[in-house]
Amino acid sequence: MTSADLEKNYVSDPSATISFHAGQQQYEIDFKLMTQRNMVYRTQREVRRRPKFLSIDDVTKLKGSTKSSSSNTIQNSPLRTAEYPEHWYKASMPEIGHEIVNVPLMSPEASQIQSMFTKTLSGFVVKKIGRIQNPSLWKLYQWKKGQMKKANNGAEVDEKRLFRGTDNTYITHICHENFDWRTCGTHGTLYGQGSYFSRDASYSHNYSPKNSDGKRTMFVARVLIGDYITGNVNLRRPPSKSGSMTYFYDSCVDNIYQPTIYVVFEKQQIYPEYLIEYEEEEKKSCCIS
Numbered sequence: 001m002t003s004a005d006l007e008k009n010y011v012s013d014p015s016a017t018i019s020f021h022a023g024q025q026q027y028e029i030d031f032k033l034m035t036q037r038n039m040v041y042r043t044q045r046e047v048r049r050r051p052k053f054l055s056i057d058d059v060t061k062l063k064g065s066t067k068s069s070s071s072n073t074i075q076n077s078p079l080r081t082a083e084y085p086e087h088w089y090k091a092s093m094p095e096i097g098h099e100i101v102n103v104p105l106m107s108p109e110a111s112q113i114q115s116m117f118t119k120t121l122s123g124f125v126v127k128k129i130g131r132i133q134n135p136s137l138w139k140l141y142q143w144k145k146g147q148m149k150k151a152n153n154g155a156e157v158d159e160k161r162l163f164r165g166t167d168n169t170y171i172t173h174i175c176h177e178n179f180d181w182r183t184c185g186t187h188g189t190l191y192g193q194g195s196y197f198s199r200d201a202s203y204s205h206n207y208s209p210k211n212s213d214g215k216r217t218m219f220v221a222r223v224l225i226g227d228y229i230t231g232n233v234n235l236r237r238p239p240s241k242s243g244s245m246t247y248f249y250d251s252c253v254d255n256i257y258q259p260t261i262y263v264v265f266e267k268q269q270i271y272p273e274y275l276i277e278y279e280e281e282e283k284k285s286c287c288i289s
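Under UniProt numbering, the first residue of the sequence shown carries the number 1, and numbering increases by one thereafter.
Now the structure itself:
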């Protein structure tokens, strides 16, 4: 089953569910829900239609059109894969190391992060959001994403934005070198000896102690979770699939059906994207006369 075959089936019936084999694995794709399920391991990931390929000539023509149209088209094309995000501030992209760029709290970019944060954590107010721009780590992350995609027969890799609470002591090291559970503190080993991330800010808040002025910090990271399985305390890497010493899961979780905690063992699967600074909301006093 090729990408072209999938496209033909989708065009024929956008609400259909089809089954196919890839190597030794059997999959089912639900076009209506845009999900792919491994029928053997019962793992599930989101899928999406690949944007139309743009040749160099196409791009050249698009550059001659309006600025907004050109920007939108290139951002959604395969040409963006190896580049840096369009919204990165180009003057803050060091060859080595990182810079943290302040994101205005009223901007759409910040609003998206604040919405994720307040979904599960109330009683706190976001004071500052910094975008971490580390070109070296970004390149490694995109390279790993490409390798995982190849290993998955060209299918898109499941990628999420997840939270990670941290002590101020580790912020600079993480922004510069990435997360490494051996040097950046541990959030437990219940599901494996790796770097822990959470779907919910309320969970990560437990690992974000106050600093001297009462503020706390929390990371939002991009994480390539790929195919996952329930972890256990003895794991130093994801287990193999069906006893194979060639094919392994990409990450571990607390609950395979409704995961809220994710554990990754290779730091190339992580990109520390944002740093949130927050504090408790001021309690309004009420006067009774």
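Backbone N, C-alpha and C fix where the C-beta goes; we use that ideal spot for every residue, glycine too. Since the model is a prediction, treat every value here as computed from it, not as a measurement.
Could you check whether Ile132 and Arg98 sit closer than 9 Å to each other, using their CB atoms as the reference points?
To locate residue 98, count along the sequence shown from 1; it is residue 98. To locate residue 132, count along the sequence shown from 1; it is residue 132. Reading off the sequence, residue 98 comes out as His, not Arg. Cβ atoms of His98 and Ile132: closer than 9 Å.
CB-CB under 8 Å to Arg48, same chain, minus the five flanking residues each way: which ones, in chain order?
Here residue 48 is taken as the residue at index 48 of the sequence shown, counted from 1. Contacts found: Met34 and Glu156.
Answer yes or no: the CB of Arg199 versus the heavy atoms of the ligand ATP, is any distance below 8 Å?
Of ligands this structure carries none, so the ligand ATP is not represented either.
According to DSSP, simplified to helix, strand and coil, what is Ala82?
Taking the first residue of the sequence shown as 1, we reach residue 82 at position 82. Only weak support is given to the placement of Ala82: the predicted model assigns it a pLDDT of 44, under 50, and the question is left unresolved by the model.
Separation of Gly165 from Ile129, as counted between CA atoms:
Residue mapping note: residue 129 aligns to position 129 of the sequence shown, counting from 1. Residue mapping note: residue 165 aligns to position 165 of the sequence shown, counting from 1. Cα to Cα, the separation comes out at about 14 Å.
Integer Cβ distance of Gly226 from Ser251, believed to fall under 8 Å
As a position in the sequence shown, residue 226 is number 226, starting the count at 1. As a position in the sequence shown, residue 251 is number 251, starting the count at 1. Between Gly226 and Ser251 the beta-carbon gap is near 6 Å, inside 8 Å, which marks them as a contact.
Give a yes or no on whether the C-beta atoms belonging to Val263 and Ile270 are separated by under 9 Å.
To locate residue 263, count along the sequence shown from 1; it is residue 263. To locate residue 270, count along the sequence shown from 1; it is residue 270. No; because the gap between Cβ atoms is not below 9 Å, this pair is not in contact.
What span of residues does the beta strand (DSSP E) with Leu162 cover, start to end?
Start at 1 with the first residue of the sequence shown, and residue 162 comes out as number 162. Start and end: Glu159 to Gly165.
When the distance is taken between beta carbons, is Asp30 closer than 9 Å to Thr17?
As a position in the sequence shown, residue 17 is number 17, starting the count at 1. As a position in the sequence shown, residue 30 is number 30, starting the count at 1. Yes; because the gap between Cβ atoms is below 9 Å, this pair is in contact.
Hey, how far is the Cα of Ser107 from the Cα of Tyr89?
Translated into the one-based positions of the sequence shown, residue 107 becomes position 107. Translated into the one-based positions of the sequence shown, residue 89 becomes position 89. Between Ser107 and Tyr89, the C-alpha separation is close to 14 Å.
Just checking my contact of Leu275 with Phe219 at CB under 8 Å: how many whole Å lie between their CB atoms?
Against the sequence shown, residue 275 aligns to sequence position 275. Against the sequence shown, residue 219 aligns to sequence position 219. Confirmed, about 6 Å.
When we look at the beta-carbon of Ala82 and count the other beta-carbons within 10 Å, is it buried (16 or more) or exposed?
By 1-based counting over the sequence shown, the position of residue 82 is 82. The pLDDT assigned to Ala82 is 44, lower than 50, so where the model puts this residue is not dependable; a value taken from the coordinates is nonetheless given after this. By the Cβ-count criterion, Ala82 is exposed, with fewer than 16 other Cβ atoms from all chains shown falling within 10 Å of its own Cβ.
For Ser204, the first and last residue of its enclosing alpha helix (DSSP H)
The residue labelled residue 204 in the question sits at position 204 within the sequence shown. Taken as a continuous stretch (DSSP letters only), the alpha helix (DSSP H) holding Ser204 covers Ala201 to Ser204.
Smallest Cα separation from Tyr84: which of Tyr207, Phe179 and Pro135?
The residue given as residue 84 occupies position 84 in the sequence shown. The residue among Tyr207, Phe179 and Pro135 with its C-alpha nearest the C-alpha of Tyr84 is Pro135.
Note down, in chain order, each residue of its chain lying with its Cβ closer than 8 Å to the Cβ of Ser15, except the 5 sequence neighbours on either side.
Position 15 of the sequence shown, counted from the first residue, corresponds to residue 15. Phe31 and Lys32.
Bounding residues of the beta strand (DSSP E) (the contiguous stretch that carries Tyr228):
Against the sequence shown, residue 228 aligns to sequence position 228. It spans Tyr228 to Thr230 - the beta strand (DSSP E) in which Tyr228 sits, taken as one unbroken run.
Are there 16 or more other CB atoms within 10 angstroms of the CB of Tyr257, so buried, or fewer, so exposed?
Taking the sequence shown and counting its residues from 1, one reaches residue 257 at position 257. When all chains shown are included, Tyr257 counts as exposed.
Let me check one thing: in DSSP terms, what residues is Pro272 bridge-paired to?
On the sequence shown, residue 272 is found 272 positions in, with the first residue counted as 1. Answer is Ala221.
In whole angstroms, what is the alpha-carbon distance linking Glu28 and Thr169?
In the sequence shown, the residue the question calls residue 28 occupies position 28. In the sequence shown, the residue the question calls residue 169 occupies position 169. Answer to the nearest angstrom: the Cα atoms are 46 Å apart.
By the 10 Å Cβ neighbour count, where 16 or more other Cβ atoms means buried, how is Val253 classified, buried or exposed?
Position 253 of the sequence shown, counting from 1, holds the residue named residue 253. Val253 is classed as buried because its beta carbon has at least 16 other beta carbons within 10 Å across all chains shown.
Using only the alpha-carbon positions, how far apart do Leu6 and Ile171 sit?
Looking up residue 6 in the sequence shown gives position 6. Looking up residue 171 in the sequence shown gives position 171. If I take the Cα positions, the gap works out to 44 Å.
Would you call the CB atoms of Ala221 and Arg161 closer than 9 Å?
Start at 1 with the first residue of the sequence shown, and residue 221 comes out as number 221. Start at 1 with the first residue of the sequence shown, and residue 161 comes out as number 161. Yes. Within cutoff.
Please list, in chain order, all residues of the same chain as Lys215 whose beta carbon is under 8 Å from its beta carbon, the five residues on each side excluded.
Position 215 of the sequence shown, counted from the start, is the residue given in the question as residue 215. The answer, listed in chain order, is Lys127, Glu277, Tyr278 and Glu279.
Distance between Asp180 and Thr260 (C-alpha atoms, nearest Å):
For this step, residue 260 is matched to residue 260 along the sequence shown. For this step, residue 180 is matched to residue 180 along the sequence shown. Approximately 20 Å, taken between the alpha carbons.
In this structure, how does DSSP classify Ser19 when only helix, strand and coil are distinguished?
Taking the sequence shown and counting its residues from 1, one reaches residue 19 at position 19. Correct three-state label for Ser19: strand.
Please state whether DSSP places Phe265 in a helix, a strand or coil.
Here residue 265 corresponds to residue number 265 of the sequence shown, with the count starting at 1. Three-state result, Phe265: coil.
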